[in-house]
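Enquirer:
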Amino acid sequence: MINYVTGFMFSSDKKNVALITKINPAWQKGLINGVGGKIEAGETPEQAMSREFLEETGVHTLPEQWTCYCIINRPEKYSVNFLVSIDDNIFSTRSVEREVVGVYEVSNLPHNIIDNLRWLIPMSIDKNLIFSSPILLEENREIN
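First residue of the sequence shown? That's -2 in this note's numbering, and the numbers climb one at a time after it.
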């Protein structure tokens, strides 16, 4: 099983979010996703998110600035930890690698966004939700 992180950094007014236009994996090419990647051995999701955010956006964050609010598991395939951070350093993000980083209005997300981000992004900043622990979701196994 491969473990991943995907993070959303929002401006302090929660009107803007940093996202990235993906090149890889192939199924995500040209689609917009949160910043993230694989969790390396010995890392917590928060440590991995801090590292990935620096590598992909050039913005340094501390692991404690990230809150894991949702985990989506696909049994025997992968697990994705979704994390959120509120920080006006969002406006300092830039493209560091080949994938293009941008800041988008939460109220006007692009049409080519990964489908589940249409509910994962609003859920992460919903003022009526308190994430004392992450919500755990399990995707259906493939039926042959």
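In this text, a Cβ means the ideal position worked out from N, Cα and C, and glycines have one as well.
This structure is a prediction, so every number in the text was calculated from the model and none was measured.
1) Rounding to the nearest angstrom, what Cα-Cα distance links Ala75 and Asp85 in this structure?
2) How is the alpha helix (DSSP H) around Thr41 delimited, first residue to last?
3) Measure the CB-CB distance between Lys35 and Leu28 and report whether it falls below 8 Å.
4) Phe7 and Ile132: beta carbons closer than 8 Å?
5) What is the DSSP secondary structure of Ser92, reduced to helix, strand or coil?
6) Throw me the rounded Cβ distance for the Val98 and Thr54 pair, which I believe falls under 8 Å.
7) Starting from Met120, follow the alpha helix (DSSP H) in both directions and report where the run begins and ends.
8) Leu28 by DSSP, collapsed to three states: which one?
9) Which of helix, strand or coil does DSSP assign to Met(-2)?
10) Nearest to His108 by alpha carbon, out of Phe5, Asn70, Asn30?
11) Across which residues does DSSP place Thr3 in a beta bridge pair?
Expert: On the basis of the supplied data:
1) Taking the first residue of the sequence shown as 1, we reach residue 75 at position 78. Taking the first residue of the sequence shown as 1, we reach residue 85 at position 88. Note on identity: in this sequence residue 75 is Tyr, with Ala being the wrong assignment. Using only the alpha carbons, I get a separation of about 31 Å.
2) Translated into the one-based positions of the sequence shown, residue 41 becomes position 44. Per DSSP, Thr41 is not a residue of any alpha helix (DSSP H), being assigned neither H nor E.
3) As a first step, residue 35 must be located in the sequence shown, where it is residue number 38. As a first step, residue 28 must be located in the sequence shown, where it is residue number 31. If you check the CB distance, Lys35 and Leu28 do not come in under 8 Å.
4) Locating residue 7 in the sequence shown gives position 10, where the first residue counts as 1. Locating residue 132 in the sequence shown gives position 135, where the first residue counts as 1. Taking the C-beta atoms as reference points, Ile132 is found no nearer than 8 Å to Phe7.
5) For the purposes of this step, residue 92 is taken as residue 95 along the sequence shown, with counting starting at 1. The answer is coil: DSSP assigns Ser92 none of H, G, I, E or B.
6) Here residue 98 corresponds to residue number 101 of the sequence shown, with the count starting at 1. Here residue 54 corresponds to residue number 57 of the sequence shown, with the count starting at 1. Contact flag correct, Cβ pair sits at about 5 Å.
7) Indexing the sequence shown from 1 puts residue 120 at position 123. Per DSSP, Met120 belongs to the alpha helix (DSSP H) from 114 to 121.
8) Counting from one through the sequence shown, the residue named residue 28 turns up at place 31. For Leu28, the secondary structure class from DSSP, reduced to helix, strand or coil, is coil.
9) For the purposes of this step, residue -2 is identified with residue 1 of the sequence shown, where counting begins at 1. In the three-state scheme derived from DSSP, where H, G and I count as helix and E and B as strand, Met(-2) is classed as coil.
10) Residue numbering aside, residue 108 sits at position 111 when the sequence shown is read from its first letter. Of the listed residues, the one whose Cα sits closest to His108 is Asn30.
11) Reading the sequence shown from its first residue, position 6 is the one you call residue 3. Looking at the DSSP assignment, Thr3 forms a beta bridge with Gly33, Phe79.
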